[in-house]
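So in this note's numbering, the last spot in the sequence shown is 577, and the numbers never skip.
For glycine and all other residues, C-beta sits at the position ideal for the given N, C-alpha and C.
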Amino acid sequence: MNERSYEQGRWSLSDLIPDADRPEEIGRDYLEQLERAVSGLEGKRAVLTPQISADDFSGILGTVEEIGSLVRRLGAYAQLWFAENTTNQNALSFRGRVESVLADAHNRTLFFELWWKGLDDSAAERLIAMSGDLAYYLRSLRRYKPYTLSESVEQVINIKDINGTEALVTLYEMLTSKFTFNIEVDGEKKSLTRSQLMTYARDPRPELREAAYKEMYRVYGENSTVLGQIYQHIVRDWAEEQVGLRGFASPIASRNLRNDVPDEAVDVLLDVCRDNVDMFQDYFRMKAGWLGMEKLRRYDIYAPLGSSERAYPFDEAVKTVFSSLNAFSPRLAEQAERVLDEGHLDSEVRDGKYGGAFCYGVLPGITPWVLTNYNGKVDDVSTELGHAVHALMAADHSPLTFHSSLPLAETASVFSEILLLEHQLTSESDPALKREMLARFVDGTYATVIRQAYFVLFEREAHDLIKAGATSDQLSERYLANLNEQFGDAVEVSDEFRHEWVSIPHIYSTPFYCYAYSFGQLLVLALYKRYKEEGREFVPKFLKILAYGGSKSPQEILSEAGIDITSSAFWRGGFDVLQGMIDELKGLPA
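And the structure:
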């Protein structure tokens, strides 16, 4: 690893689309290339017959790949430019223009997908056999055959999405990114972003934890009517399209098909999470004792066990992540370094910036862009760098097959979090500090497994309730009941948490996304257990899982590793690893 120093800063998007003198000139060359490619594909419509030759089909696939590459580049730039400052009018204008262009390109080339889905099986298999890395992409399209509508209807839906649900998501992002939160700390009144405010959720002082959460949900609560209405429109649109028009058996079934995960596997995963919620309730009861409290409040579940939680200078945090990856695989560490060395990390905290964190892997071989709001915690960078190395590991695939499905997309990020924990525990000699680190990891695992699973359980109910005419206030009541089920009598949940659901971006932008976190965390716990059992022999197996990208289904990839995702025993195995960590915590001195 190199020895350069790293400082917080903004990313550069010039590797994606070069800068231009005037905003209206940004991306012009790529927009023109897209128009030529779309026109070229339109000119091949007549040759799309069941008897199409191998050469003609190969040429058409090449054009489809080119269009896919250009769409991803332009769409990514529009999203990333907007995310760095959601109040930037030029970025917002470009995003709207690109969304319109991409919708038009999709509509004009929709005929290829419809022709492909409509082919009889024998003709399709003949062409799949000669399609190389695109085989899974082509098979994936055919999964949608029962749910595909006529060309004219599909075109109308594409236009509707741009000016309907996607516009609503943009409004949600713009509204919530402008929220400011006021809190008094040590006699000083502060006006903070959401990410800055929530650093106090892990503050050792109970009164500050309480103040942070109360302020968080005061602001969201005051805006809950508008945010709740946005959500209801999104949910109704999802139901009308996915269930009403396309014929999916349930709202979540559409997401499962997109993830290429059987409904059965998702149901089993959520059921096992629900069945094991008492493990965390017991943990929170023990944590209350460790903190000298009779009972935890919802404000306290992430409280540190020590007097303070260490804040890392940015350079040290980055290098700690690199070191933890390097101990497992120098290749992964080198890939993580690329993100910073090429200026693809935006780590500043500033007004108007998207308040969460994400990694955007755009195209094979191009280093992903990572956005985070760094507030002194190592995991502010470790998780998203894990996503980045996953994308780089899959660089040998087509633009159409290198993105892994959502459930496997969490594999590298969660594994890197565990490697970071292992590195920190190994480097620390003080048993009390080790205890604090391990407790923090268990806290985070609650947030990644149970909390995310219960988001999805809430979503399933919310979609049914909205269909039945529920109001936003009734949804808040249901969400509060959801929290009370999660925590039982182990944690006191205050009334303001009824507004938490309107603060969850994923349920707006990507319905039913969140089970991917539970899937990924439990999967990685099982994989980590195998790593501890097999040692260095496990490393190439793990790298192979990452290298598949999206070229096979999650079920196929994991079956090769001997994993059955429809088995409740497999998912319970992840909880067994967690129970071992909790048992270890019990034995560590305070």
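#1: So, Ser316 versus Val526, is the Cβ gap smaller than 7 Å?
#2: Find the nearest neighbour of Leu509 within the set Glu520, Gln219, Met161 and Asp551, judged by alpha-carbon distance.
#3: Taking C-beta to C-beta, are Asn94 and Asn145 nearer than 7 Å?
#4: Could you say if the segment 317 to 332 and the segment 347 to 360 meet the contact criterion of at least three C-beta pairs nearer than 8 Å?
#5: So, with DSSP's three-state summary, where would you put Asn169?
#6: Pull up the distance between the alpha-carbon of Val156 and that of Lys165, whole angstroms please.
#7: Apart from the five residues just before and just after Val34, which ones in its own chain have a Cβ nearer than 7 Å to its Cβ?
#8: Figure out for me which residue from Pro300, Ala320 and Ala298 has the closest Cα to the Cα of Val308.
#9: Going by other Cβ atoms of all chains shown within 10 Å of its Cβ, with 16 needed for buried, is Ala427 buried or exposed?
#10: Of the residues Ser(-8), Ser139, Asp262 and Tyr289, which one's Cα is nearest the Cα of Asp91?
#11: Leaving out five residues on either side along the sequence, give the residues of the same chain with a beta carbon under 6 Å from the beta carbon of Trp103.
#12: So, are the CB atoms of Pro10 and Asn77 less than 7 Å apart?
#13: Any contact between the segment 169 to 189 and the segment 414 to 425? By contact I mean 3 or more CB pairs, one from each, below 8 Å.
#14: Run through DSSP, which three-state label would Glu404 get?
#15: Return the CA-CA distance between Arg284 and Leu48, expressed in angstroms with no decimal places.
#16: To the nearest whole angstrom, what separates the beta carbons of Arg82 and Phe99, a pair I think is in contact under 8 Å?
#17: Using 7 Å as the threshold, is the C-beta distance between Leu57 and Leu21 below it?
#18: Closest by CA to Ala298, which one among Glu209, Val213 and Pro191?
#19: Could you name the residues that DSSP lists as bridge partners for Lys177?
#20: Closer than 8 Å is the cut-off here; do at least three beta carbon pairs connect the segment 466 to 483 with the segment 268 to 286?
#21: Need the endpoints of the alpha helix (DSSP H) that Cys346 sits in, please.
#22: Is it the case that the segment 335 to 355 contacts the segment 441 to 460, given that we only count it when at least three CB pairs across the two stretches are under 8 Å?
#23: Which residues in the same chain as Trp558 place their Cβ atom closer than 7 Å to its Cβ, once the five residues preceding and following it in sequence are excluded?
#24: From which residue to which residue does the alpha helix (DSSP H) around Trp558 run?
#25: Could you tell me the distance, in whole angstroms, from the CA atom of Ala154 to the CA atom of Tyr289?
#26: Report the option in Leu514, Arg(-3) and Tyr123 whose CA atom is closest to the CA atom of Val401.
#27: Using three-state DSSP, classify Glu397 as helix, strand or coil.
#28: Exposed or buried, Asp383, counting other C-beta atoms within 10 Å across all chains shown (16 or more means buried)?
#29: Between Met161 and Thr73, which are expected to be in contact by the criterion C-beta below 8 Å, what is the C-beta distance as a whole number of angstroms?
#30: Cα separation between Glu194 and Asn313?
#31: The beta strand (DSSP E) spanning Val357 covers which residue range?
#32: Report all residues from its chain with a CB closer than 8 Å to the CB of Lys31; omit the five preceding and five following residues, and keep chain order.
#33: May I ask you to report which of helix, strand or coil DSSP gives Val579?
#34: When you compare the segment 428 to 437 with the segment 224 to 235, are there three or more beta-carbon pairs, one atom per stretch, that lie closer than 8 Å?
#35: Are the CB atoms of Pro394 and Pro541 within a distance shorter than 7 Å?
#36: Go ahead and label Asn169 buried or exposed: buried means 16 or more other beta carbons lie within 10 angstroms of its beta carbon, across all protein chains shown.
This is what the structure holds:
#1: If you number the sequence shown from 1, residue 316 lands on position 329. If you number the sequence shown from 1, residue 526 lands on position 539. Yes, these two residues count as a Cβ contact at 7 Å.
#2: Within the sequence shown, numbered from 1, the residue matching residue 509 stands at position 522. Measuring from the Cα of Leu509, the nearest candidate turns out to be Asp551.
#3: Working through the sequence shown from its first residue, we reach residue 94 at position 107. Working through the sequence shown from its first residue, we reach residue 145 at position 158. The criterion of a C-beta distance shorter than 7 Å is satisfied by Asn94 and Asn145.
#4: For the pair of segments examined, the segment 317 to 332 was found to touch the segment 347 to 360: the number of CB pairs separated by less than 8 Å reaches three.
#5: Here residue 169 refers to the residue found at position 182 when the sequence shown is read from its first residue. Three-state result, Asn169: strand.
#6: One-based indexing of the sequence shown puts residue 156 at position 169. One-based indexing of the sequence shown puts residue 165 at position 178. Cα to Cα, Val156 sits roughly 14 Å from Lys165.
#7: Translated into the one-based positions of the sequence shown, residue 34 becomes position 47. Only Asp43 meet the Cβ criterion.
#8: For the purposes of this step, residue 308 is taken as residue 321 along the sequence shown, with counting starting at 1. The candidate whose alpha carbon is nearest that of Val308 is Ala320.
#9: Taking the first residue of the sequence shown as position 1, residue 427 is located at position 440. Note on residue identity: the sequence assigns Arg, not Ala, to residue 427. Under this definition Arg427 is a buried residue.
#10: Here residue 91 corresponds to residue number 104 of the sequence shown, with the count starting at 1. Put simply, of Ser(-8), Ser139, Asp262 and Tyr289 the residue whose alpha carbon is nearest the alpha carbon of Asp91 is Ser139.
#11: For this step, residue 103 is matched to residue 116 along the sequence shown. Within the same chain, Trp103 has close Cβ partners Leu128.
#12: In the sequence shown, counting from the first residue as 1, residue 10 sits at position 23. In the sequence shown, counting from the first residue as 1, residue 77 sits at position 90. The answer is yes: Cβ separation under 7 Å.
#13: With a cut-off of 8 Å, the segment 414 to 425 and the segment 169 to 189 do not count as touching, because too few Cβ pairs lie within range.
#14: Reading the sequence shown from its first residue, position 417 is the one you call residue 404. In the structure shown, Glu404 sits in a helix (DSSP, three-state: H, G or I).
#15: The residue you call residue 284 lines up with position 297 of the sequence shown. The residue you call residue 48 lines up with position 61 of the sequence shown. Distance between the alpha carbons of Arg284 and Leu48: 56 Å.
#16: As a position in the sequence shown, residue 82 is number 95, starting the count at 1. As a position in the sequence shown, residue 99 is number 112, starting the count at 1. Not really, about 26 Å apart at Cβ, beyond 8 Å.
#17: Translated into the one-based positions of the sequence shown, residue 57 becomes position 70. Translated into the one-based positions of the sequence shown, residue 21 becomes position 34. Cβ distance < 7 Å, so Leu57 and Leu21 count as in contact.
#18: Here residue 298 is taken as the residue at index 311 of the sequence shown, counted from 1. The shortest C-alpha to C-alpha distance from Ala298 to any of Glu209, Val213 and Pro191 is the one to Pro191.
#19: One-based indexing of the sequence shown puts residue 177 at position 190. Checking the DSSP bridge columns, you'll see Lys177 partnered with Ile170.
#20: Inter-segment contact for the segment 466 to 483 and the segment 268 to 286 is present: three or more beta-carbon pairs are separated by less than 8 Å.
#21: In the sequence shown, residue 346 corresponds to position 359, counting from 1. For Cys346, there is no enclosing alpha helix (DSSP H); the enclosing beta strand (DSSP E) has its first and last residue at Phe345 to Tyr347.
#22: By the Cβ criterion, the segment 441 to 460 is not in contact with the segment 335 to 355, since fewer than three pairs of Cβ atoms, one from each stretch, lie closer than 8 Å.
#23: Taking the first residue of the sequence shown as position 1, residue 558 is located at position 571. The residues are Val255, Leu256, Val259 and Leu509.
#24: For the purposes of this step, residue 558 is identified with residue 571 of the sequence shown, where counting begins at 1. Per DSSP, Trp558 belongs to the alpha helix (DSSP H) from Ser555 to Gly574.
#25: Working through the sequence shown from its first residue, we reach residue 154 at position 167. Working through the sequence shown from its first residue, we reach residue 289 at position 302. If I take the Cα positions, the gap works out to 35 Å.
#26: Against the sequence shown, residue 401 aligns to sequence position 414. Of the listed residues, the one whose Cα sits closest to Val401 is Leu514.
#27: Here residue 397 refers to the residue found at position 410 when the sequence shown is read from its first residue. DSSP, reduced to helix, strand and coil, places Glu397 outside both helices and strands of the structure shown, so it counts as coil.
#28: Against the sequence shown, residue 383 aligns to sequence position 396. Around the beta carbon of Asp383, a 10 Å sphere encloses fewer than 16 other beta carbons of the protein chains shown; the residue is thus reported as exposed.
#29: For the purposes of this step, residue 161 is taken as residue 174 along the sequence shown, with counting starting at 1. For the purposes of this step, residue 73 is taken as residue 86 along the sequence shown, with counting starting at 1. With a Cβ gap of about 5 Å, Met161 and Thr73 count as contacting.
#30: Position 207 of the sequence shown, counted from the start, is the residue given in the question as residue 194. Position 326 of the sequence shown, counted from the start, is the residue given in the question as residue 313. Answer to the nearest angstrom: the Cα atoms are 40 Å apart.
#31: Along the sequence shown, read from residue 1 onward, the residue named residue 357 stands at position 370. Going by DSSP, Val357 is part of the beta strand (DSSP E) stretching over Trp356 to Leu358.
#32: For the purposes of this step, residue 31 is taken as the residue at position 44 of the sequence shown. Counting only Cβ-Cβ distances below 8 Å, and skipping sequence neighbours, we find Asp43, Gly46, Ile47 and Thr50.
#33: The structure shown has nothing for residue 579, since the chain only spans -12 to 577.
#34: Look at the beta carbons and you see the segment 428 to 437 not touching the segment 224 to 235: under three pairs across the two are nearer than 8 Å.
#35: As a working note, residue 541 is residue 554 in the sequence shown. As a working note, residue 394 is residue 407 in the sequence shown. Yes, the Cβ-Cβ distance between Pro541 and Pro394 is below 7 Å.
#36: As a first step, residue 169 is located in the sequence shown; it is residue number 182 there, counting from the start. Counting the other CB atoms within 10 Å of its CB gives Asn169 a total below 16, which places it among the exposed residues.
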